[in-house]
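>
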């Protein structure tokens, strides 16, 4: 398992938009992604432990729509090309 860095991003190459999810690495044990026809889920999981009023579970995170996603993707290109849900568009002539 790779070390969690506190940020990940989904990119729509057609629109050049990215959905960035930032989170507190001290609260997250693992990150999972699920995709299907027209849907994508970014999941943040804590370590498995008992939860109660005295010991609540909390994961702090935020989302951002990034309009410059393709500029950031260049360094992540090999990773993103692995995922089939990342679209590639041909220009309309």
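In the UniProt record's numbering, the protein residues as written are 1 to 93. We put the beta carbon where it would ideally sit given N, CA and C, even for glycine.
Just verifying my parser: in three-state terms, what is the DSSP assignment at residue 19?
Strand, per DSSP.
> So, for residue 30: in the same chain, excluding its five sequence neighbours on each side, which residues have a beta-carbon less than 6 Å away from its beta-carbon?
These residues qualify, in order along the chain: 45.
> For residue 51, which residues of its own chain have a beta-carbon under 6 Å away from its beta-carbon, when the five flanking residues on both sides are left out?
If we look at residue 51 and ignore the five residues flanking it on each side, its Cβ neighbours are 57.
> Is it the case that the Cβ atoms of residue 43 and residue 22 are separated by a distance below 8 Å?
Taking 8 Å as the Cβ cut-off, residue 43 and residue 22 do not qualify as a contacting pair.
> Pick helix, strand or coil for residue 43, following the three-state DSSP scheme.
Strand, per DSSP.
> Cβ of residue 18 within 8 Å of Cβ of residue 28?
It is not a contact, given that the beta carbons lie outside the stated cut-off.
> If you follow the beta strand (DSSP E) that residue 27 is in, where does it begin and where does it stop?
Counting along the chain, residue 27 falls outside any beta strand (DSSP E), and DSSP gives it neither H nor E.
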